[in-house]
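Positions in the sequence shown are counted from 1; adding 15 to them yields the numbering used here. All remarks here apply to the structure that follows.
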Amino acid sequence: MSHTTAPPSLREFAFGLPKAELHLHLEGTLEPELKFALAARNGVELAEKTVSEVTATYDFTDLTSFLAVYYPAMRVLQTAEDFHDLAWAYLQRAKEHGVVHVEMFFDPQAHTSRGVPFDTVVSGYRRAAVRAQRELGVSAELILCFLRDFSAEYAMATLMEALPYKAWIVGVGLDSDERDNPPAKFAEVFARAKAEGFLTTMHCDIDQAGSLENIRTVIEEIGVDRIDHGTNIVEDPELVELARQRGLGFTCCPVSNSFVTEQMKTDEIVGLLRRGVKVTVNSDDPAYFGAYVADNYIALAEKAGLSHADLAQLAINSFDASWMTPARRTAHVDAVRRYAAEHGVTLPS
Ligand SMILES: [Zn+2]
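Pasting the structure below:
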């Protein structure tokens, strides 16, 4: 028997909505409890003694103040088991938020620069990704990010180190502090990565000096397959039109934006959505910003007055902008459409 029912609350709808997460830093999923457990396991002395003392340090005003807390925390990650445990904790949480596919960033240089071997990092993360498919039915891929505040030479050396692990790494990205580290600094590294068959994405952070010029470089010169953040593109309507025509995905992170700029950048994200640009909603560094992916859908919806259908469109975008095969993408988009229909939500065909 079928009958029409009122749609569930936005919150319930957002959690159950099948979605892909495309902007997630594994190192940014380190919850205080796990940080203490890993510190104890590895005999690392921490300055903070309680969860609330750790949380009190998460009072960021901009990207630089965030990174000053973010990197020192990574000392507790030392063995492949630690990296596995970190990713596994995130993947279980992601499942609760309706994630069925995730493309996860990891920062090998945050670890190799302090003496942890590349293999230790990638093999721990890979084991969690394989386990997620088997035990949770969540497909999980890895994206290697270069830290842009290190040299281009170190990035190239890291790319060379990653070549034997190609089968485990779907693409490469660029993150950390964009100030004085524009995309052009890594043009050669990205050209080589493409030649080696990696897909590419780059962070174009919110409201950086030269944001729009950097976005232009990333689209026109580097030729990336996707952009992380990048909503300053709204400053140039012609570039927006180019991005729309190319079907370029933008991985937006509303709650993260509100931490580093005091605004979710709602107008920019929703403006791009309405113009048919493939914007997606993601959590970035959820342990630090206190919001996993469904929380980000809900925060954006509440702030911008989005409908159930808008949230479903964002979920469709998350699959369209993902690096799955076209056949898998279509199957996931169909699942979103079924989910919406089952909950009495009508989508444009
Ligand atoms: Zn990010």
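By construction, the Cβ of each residue, glycine as well, lies at the ideal position given by its N, Cα and C atoms.
When Cβ pairs closer than 8 Å are counted between the two stretches, the region 214 to 234 is seen not to touch the region 284 to 291, the count staying below three. CA-CA distance, T173 to E203, rounds to 13 Å. Taking C-beta atoms as the reference points, R344 and V292 fail to come closer than 8 Å. As the crow flies, the alpha-carbon of R261 is around 12 Å from that of I242. Three or more Cβ pairs drawn from the region 81 to 100 and the region 40 to 50 lie within less than 8 Å of each other, which places the two stretches in contact.
The chain-ordered list of residues whose CB is nearer than 6 Å to some heavy atom of ligand 1 reads H38, H40, D190, H218, D243 and D299.
Fewer than three Cβ pairs drawn from the region 56 to 68 and the region 135 to 151 lie within less than 8 Å of each other, which leaves the two stretches out of contact. In the DSSP annotation of this structure, the continuous segment of the alpha helix (DSSP H) that includes F28 starts and ends at L25 to G31. Between the C-alpha atoms of C219 and E36 there is a straight-line separation of about 18 Å. Annotated three-state conformation of I331 is helix, per DSSP.
Shown here, S128 sits in coil according to DSSP, grouped into three states, outside any helix or strand. Selection T295, V239, C268 and T340 evaluated against A327 yields T295 as nearest (Cα-Cα).
Spatial neighbours of V351 in its own chain (CB-CB distance under 6 Å, excluding positions within 5 residues in sequence) are listed in chain order as P33, A327, A330 and I331. Within the region 269 to 310, the runs of beta strand (DSSP E) that reach at least 3 residues and sit entirely inside it are, in chain order, 293 to 296. Spanning the alpha carbons of A342 and L25 requires a straight line of approximately 29 Å.
When the beta-carbon positions are compared, L41 and Y85 stay at least 8 Å from each other.
Annotation for F121: the continuous beta strand (DSSP E) segment containing it runs V114 to F121. Bridge pairing for S138: absent [DSSP].
Per DSSP, reduced to three states, the secondary structure at M217 is strand.
E193 is a Cβ neighbour of Q223, given a cutoff of 8 Å. Looking only at I184, V275, V308 and F205, the smallest Cα-Cα distance to M339 is reached by I184. Excluding the 5 residues flanking it on each side, T70 has same chain C-beta neighbours closer than 7 Å at P47, in chain order.
Per DSSP, the continuous beta strand (DSSP E) segment holding H244 begins and ends at R241 to H244.
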